[in-house]
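What follows is a single structure, written as structure tokens, with notes after it.
In the working numbering, the protein residues as written are 41 to 247.
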């Protein structure tokens, strides 16, 4: 990924942002909404300036979000109409199919649904308002904050953890008793079954 980023100082309508994934963790979205409400009105602009949304310019120069989907959805749900973006790459000259091939190759997209199944890029929502809830993504995010694993630069690392948890816990248990599910997730995260995942920090057995 290029280091140089080009900030776009002209606000971009939030409804013009195109996601590059299908799901978010709505529990995390709600937390970000709560945080936004606590920001005093005269400090909102400074917050948005410090939290610019990284995008790739795609066909028709549409801005495709490659990070901060939760924040973008939270701001949308709070009625924010414009955000500032940072352009990571300009791929606007590519045809649509070629554009998505590049995004896939660069790990700039994650076309998996709320059940962990890979979908065609055409099923990715056209706006952040269409992002679906994946409770295991929320669980994976909370697991990291609880010390279950370390923050890692691997693209979509929290989705990898979400998929790991999805295979071992029941969705209804996560939705009905999140705190208990988190305790179970912490135990799973320390197990050797998870040692292939980015940021794993479980005990290393003696040779």
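Glycine included, C-beta positions come from ideal geometry on N, C-alpha and C. In this text, all values refer to a predicted model and were calculated from it rather than measured experimentally.
* Per DSSP, what kind of secondary structure is residue 130 in: helix, strand or coil? -> Stepping through the chain shown from its first residue, residue 130 is reached at position 90. Strand, per DSSP.
* Asked: Whole-angstrom Cβ separation of residue 18 and residue 121, contact assumed at under 8 Å?
  -> Nothing can be reported for residue 18: it is not among the residues displayed for the chain, which extend from 41 to 247.
* Note down the Cα distance separating residue 53 from residue 231, rounded to an integer number of angstroms. => Along the chain shown, one-based indexing puts residue 53 at 13. Along the chain shown, one-based indexing puts residue 231 at 191. Cα to Cα, residue 53 sits roughly 44 Å from residue 231.
* Range of the contiguous beta strand (DSSP E) that encloses residue 97 -> Position 57 of the chain shown, counted from the first residue, corresponds to residue 97. Counting along the chain, the beta strand (DSSP E) containing residue 97 begins and ends at 93-97.
* **Host alpha helix (DSSP H) of residue 141 (start-end)** => In the chain shown, residue 141 corresponds to position 101, counting from 1. Run containing residue 141: 136-145, per the alpha helix (DSSP H) assignment.
* Asked: Given 8 Å as the limit, is there contact between the segment 175-189 and the segment 55-74, that is, 3 or more CB pairs closer than that?
  -> In short, these stretches touch, since the Cβ pair count reaches three.
* Can you tell me whether residue 189 is buried or exposed, with buried defined as 16 or more other CB within 10 angstroms of its CB? -> For this step, residue 189 is matched to residue 149 along the chain shown. Classification of residue 189: buried, given that the 10 Å Cβ count is 16 or more.
* **Meets three-Cβ-pair contact criterion under 8 Å: the segment 193-212 and the segment 145-159** => Yes, since at least three Cβ pairs between the segment 193-212 and the segment 145-159 fall closer than 8 Å, the two stretches touch.
* Asked: If you draw a straight line from the C-alpha of residue 208 to the C-alpha of residue 108, how long is it?
  -> As a first step, residue 208 is located in the chain shown; it is residue number 168 there, counting from the start. As a first step, residue 108 is located in the chain shown; it is residue number 68 there, counting from the start. CA-CA distance, residue 208 to residue 108, rounds to 27 Å.
* Can you give me the Cβ contacts of residue 242 inside the same chain, cut-off strictly under 8 Å, excluding the 5 residues immediately before and after it? => Position 202 of the chain shown holds residue 242. Listed in chain order, the non-local C-beta contacts of residue 242 below 8 Å within the same chain comprise 229, 230, 231, 232, 234 and 235, local neighbours out to five positions each way being set aside.
* Asked: Given a threshold of 16 other Cβ atoms within 10 Å of its Cβ, counted over all protein chains shown, does residue 174 qualify as buried or as exposed?
  -> Translated into the one-based positions of the chain shown, residue 174 becomes position 134. Classification for residue 174: buried.
* Pair within 9 Å by beta-carbon distance, residue 93 and residue 123 -> To locate residue 93, count along the chain shown from 1; it is residue 53. To locate residue 123, count along the chain shown from 1; it is residue 83. Yes.
* To do: Measure from the alpha carbon of residue 155 to the alpha carbon of each residue in 212, 101 and 133, then state which is nearest.
  => As a working mapping, residue 155 is identified with position 115 in the chain shown. Closest by alpha carbon: 212.
* Are there 16 or more other CB atoms within 10 angstroms of the CB of residue 50, so buried, or fewer, so exposed? -> Residue 50 sits at position 10 when you count from the first residue of the chain shown. Residue 50 comes out exposed.
* Would you mind stating whether residue 62 and residue 159 have Cβ atoms separated by less than 9 Å? => Here the question's residue 62 lines up with position 22 in the chain shown. Here the question's residue 159 lines up with position 119 in the chain shown. Yes, they are a contact pair.
* Asked: What are the boundary residues of the alpha helix (DSSP H) that residue 175 is part of?
  -> In the chain shown, counting from the first residue as 1, residue 175 sits at position 135. Where residue 175 is concerned, the enclosing alpha helix (DSSP H) stretches over 175-185.
* Asked: Of the choices 97, 72 and 151, whose alpha-carbon is the least far from that of residue 135?
  -> Stepping through the chain shown from its first residue, residue 135 is reached at position 95. When C-alpha distances from residue 135 are compared across 97, 72 and 151, the shortest belongs to 97.
* To do: Measure the Cβ-Cβ separation of residue 261 and residue 164 and say whether it is below 9 Å.
  => Outside the displayed span of the chain (41 to 247) sits residue 261, for which this structure offers no information.
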